[in-house]
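Protein chains: 2
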Amino acid sequence: MTKIIPFRNCDGCPIRHRAICATCDGDEFVQLEAMKYYRSYSAGQTIMWAGDRMEFVASVVAGTATIQHLVEDGRKQTVGLLLPSDFIGRPGREIALYDVTAVSDVTLCCFRRGEFEKLVTNTPHIAQRMLAMALDELDAARDWMFLLGRKTALERIASFLLLIQRRTVSTDGLVVPQPTPVSLPLTREAMSDYLGLTLETVSRQFSKLKADGIIEYASKREIIIPDVAALRNVAGEGAAY
Amino acid sequence: MTKIIPFRNCDGCPIRHRAICATCDGDEFVQLEAMKYYRSYSAGQTIMWAGDRMEFVASVVAGTATIQHLVEDGRKQTVGLLLPSDFIGRPGREIALYDVTAVSDVTLCCFRRGEFEKLVTNTPHIAQRMLAMALDELDAARDWMFLLGRKTALERIASFLLLIQRRTVSTDGLVVPQPTPVSLPLTREAMSDYLGLTLETVSRQFSKLKADGIIEYASKREIIIPDVAALRNVAGEGAAY
DNA sequence: CGTCAGGTTGATTAGGATCAACACAGGTGG
DNA sequence: CCACCTGTGTTGATCCTAATCAACCTGACG
Chain X
2 MTKIIPFRNC
12 DGCPIRHRAI
22 CATCDGDEFV
32 QLEAMKYYRS
42 YSAGQTIMWA
52 GDRMEFVASV
62 VAGTATIQHL
72 VEDGRKQTVG
82 LLLPSDFIGR
92 PGREIALYDV
102 TAVSDVTLCC
112 FRRGEFEKLV
122 TNTPHIAQRM
132 LAMALDELDA
142 ARDWMFLLGR
152 KTALERIASF
162 LLLIQRRTVS
172 TDGLVVPQPT
182 PVSLPLTREA
192 MSDYLGLTLE
202 TVSRQFSKLK
212 ADGIIEYASK
222 REIIIPDVAA
232 LRNVAGEGAA
242 Y
Chain R
2 MTKIIPFRNC
12 DGCPIRHRAI
22 CATCDGDEFV
32 QLEAMKYYRS
42 YSAGQTIMWA
52 GDRMEFVASV
62 VAGTATIQHL
72 VEDGRKQTVG
82 LLLPSDFIGR
92 PGREIALYDV
102 TAVSDVTLCC
112 FRRGEFEKLV
122 TNTPHIAQRM
132 LAMALDELDA
142 ARDWMFLLGR
152 KTALERIASF
162 LLLIQRRTVS
172 TDGLVVPQPT
182 PVSLPLTREA
192 MSDYLGLTLE
202 TVSRQFSKLK
212 ADGIIEYASK
222 REIIIPDVAA
232 LRNVAGEGAA
242 Y
């Protein structure tokens, strides 16, 4: 099941043009490439514990991870989804605030935190890229706050499917025949943690979407969206582009 | 009601040491000071509309504003609370994604967006300060996602009161006699928008906290917390410091 | 003195949580 | 090869929290 990463250097890296390194110029890029190292985690493994010292920051190269806040009484909320090209960790913070867990097999491109922080201080491009990515994440978090605060269960599921669909097609690159099958990186339970629901409610809303013809199952973890506009409608998103 | 700001320059500015300018060195600071201008808004005014072109970025000098996401059918969620020293806007984005509304009379220290963006590009300190602030906001947004996804109504109110208390005492500076009165910058309705509740539920939970002796009213918009630890307990936060 | 925004409280409803049973696929080991 | 187990997902019955609908209170202000 574990995918072997078939490259050792950044040429041919699948996230080369979207990750933190996307806007680096020649010299900066050389520095980054020199200090990077890969790490792999299998599905279910914890990448980082809340409260732990963070040894590294990293880009997700392949796989899916979640950022989670969990509390003694067992309540859990996923506060961030990490897909390929997303960044883990933050320069300037020593202690992790959240757990990071691999939900599928994950490959990371890591940088020792100390060295990376020096790079951020010294090379404006990287600081600016970090800033742009942080602000994008902040906007995404705010959209999710609306979802968690105001959307119905059905709308949450629909929004989540659209999110995955958007990220998937843009990852795989070129345009694909319209009714694309979308494979879901999360279990029903992991989705419920992300959507502020229970796994039973998630399951029920999937059934409802299927009954209404909004989605079809290729398998339990792979859906087909015959009409994206219809799904967008259910999600309560404008008919935007 | 409108407070007149009794200063023209940055000396004596109440947020000088916490805002975006906190870590600027002499030269950077001079540049920032040269390009700044003040704007005031009275309670209820909209500072920025979602979809509008952003002419400026700004620091909140005084007053309270909210960042809101609202949707055609009337649903509304406050996705950010802006208190003194918080930053509005983002370099590199032309169009606002959210509405920003003054909930009390607000004074901003503004910078033309174009000029500010140049400064971010050219002066590493400011880019790094922006990054640190953005990452702090991201953490705050993630904590709020937990609140919206998993906390009960009572816990949300308690958490909100603690948030305001924390920000208030740290704003006013020195330590104050223990049972501090905390003045609430938001109406019940504005709180409900922030907490993902209805205003009726907010009101009920206030009544419950009062009945349980966790809070007392100095007035409807000013509460006293006799025992912060007890409130923290209700909020479901650890007994942390 | 009347009006209105902000706030409280009550009665009822509804959406999702909770508790519970069952289905199904994939492994594992006898 | 089959029996068993475990992780994942579905569906049903019931309960409960917060939403909704509604009435009323209070104080500020013209």
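These protein sequences, in sequence, are chains X and R. Going left to right, the first sequence walks through residues 2 to 242 as the numbering used here numbers them. Going left to right, the second sequence walks through residues 2 to 242 as the numbering used here numbers them. C-beta atoms are modelled at their ideal positions from N, C-alpha and C, and glycine is treated no differently. These figures come from a predicted structure and were not determined experimentally.
Beta-carbon spacing of residue i, residue j below 8 Å
i              : j              : result
F97 (chain X)  : W50 (chain X)  : In the sequence as presented, Phe is not what sits at residue 97 (chain X); that position holds Ala. The answer is yes: Cβ separation under 8 Å.
R143 (chain R) : V235 (chain X) : no
A59 (chain X)  : I16 (chain X)  : no
C25 (chain X)  : H126 (chain X) : yes
T122 (chain R) : Q129 (chain X) : yes
L198 (chain X) : E190 (chain X) : no
L162 (chain R) : L232 (chain R) : yes
V62 (chain X)  : C22 (chain X)  : no
E138 (chain R) : L139 (chain X) : yes
V183 (chain R) : I224 (chain R) : yes
L185 (chain X) : R222 (chain X) : yes
L71 (chain R)  : Y195 (chain R) : no
T202 (chain X) : A159 (chain X) : no
A135 (chain R) : A141 (chain X) : no
T181 (chain R) : I226 (chain R) : yes
R151 (chain R) : R151 (chain X) : no
Coarse secondary structure for residue i, derived from DSSP in three states
i              : result
E138 (chain X) : helix
K221 (chain X) : coil
G13 (chain X)  : coil
T122 (chain X) : helix
K209 (chain R) : helix
A236 (chain X) : helix
A20 (chain X)  : coil
V62 (chain X)  : strand
L98 (chain X)  : coil
I5 (chain X)   : Because the pLDDT of I5 (chain X) is 49, which lies under 50, any placement of that residue in the model is unreliable, and the question is left without a value.
A44 (chain R)  : coil
S204 (chain R) : helix
V72 (chain X)  : coil
L83 (chain X)  : strand
T108 (chain R) : strand
T67 (chain X)  : strand
Nearest residue (CA-CA) to residue i, options the options
i              : options                      : result
E34 (chain X)  : X:Q46, X:S41, X:A20          : X:A20
L109 (chain R) : R:R157, R:M131, R:I48        : R:I48
M36 (chain X)  : X:R113, X:A230, X:P85        : X:R113
V107 (chain X) : X:Q32, X:E116, X:S86, X:V72  : X:S86
K119 (chain R) : R:D228, R:Q32, R:R40         : R:Q32
G1 (chain R)   : R:E56, R:L136, R:Q166        : Shown here, chain R extends from 2 to 242; a query on residue 1 (chain R) therefore has no answer.
G84 (chain X)  : X:T169, X:S208, X:Q206       : As written in the sequence, residue 84 (chain X) is Leu, which differs from the Gly given in the question. Nearest option by C-alpha distance: X:T169.
E156 (chain R) : R:R205, R:E116, R:T124       : R:R205
S193 (chain X) : X:R91, X:C111, X:E217, X:Q69 : X:Q69
R40 (chain R)  : R:D28, R:E217, R:C111, R:E73 : R:C111
D213 (chain X) : X:A219, X:D228, X:S220       : X:D228
D28 (chain X)  : X:D74, X:T124, X:F117        : X:T124
E116 (chain R) : R:M146, R:W145, R:E73, R:Y38 : R:Y38
G52 (chain X)  : X:E73, X:D74, X:E95, X:F30   : X:E95
7 Å Cβ cut-off: residues of chain X touching residue i
i              : result
W145 (chain R) : M146
G52 (chain R)  : Within chain X, no residue comes near G52 (chain R); the closest Cβ sits about 11 Å away, beyond 7 Å.
R91 (chain R)  : L136
V203 (chain R) : What V203 (chain R) touches in chain X: nothing, since even the nearest Cβ is about 13 Å away.
G13 (chain R)  : Residues of chain X passing the Cβ test: none, with the nearest at roughly 29 Å.
Exposure label - residue i; buried when at least 16 CB within 10 Å
i              : result
T67 (chain R)  : buried
T65 (chain X)  : buried
K211 (chain R) : exposed
A230 (chain X) : exposed
H18 (chain X)  : exposed
T3 (chain X)   : At T3 (chain X), the pLDDT of 42 sits below 50, so the modelled position is not reliable; the number obtained from the coordinates is stated separately. Flag for T3 (chain X) reads exposed.
G237 (chain R) : buried
G45 (chain X)  : exposed
S43 (chain R)  : exposed
R167 (chain R) : exposed
R54 (chain R)  : exposed
D100 (chain X) : buried
S208 (chain R) : exposed
R91 (chain X)  : buried
Chain-ordered neighbours of residue i on chain R, where CB pairs are closer than 7 Å
i              : result
L98 (chain X)  : D140
G150 (chain X) : Q78, L149, G197
L132 (chain X) : A128, M131, L132, A135
Interface partners of residue i on chain R, CB under 9 Å
i              : result
T122 (chain X) : P125, Q129
V183 (chain X) : Those do not exist, as V183 (chain X) stays about 23 Å from chain R at its closest Cβ, beyond 9 Å.
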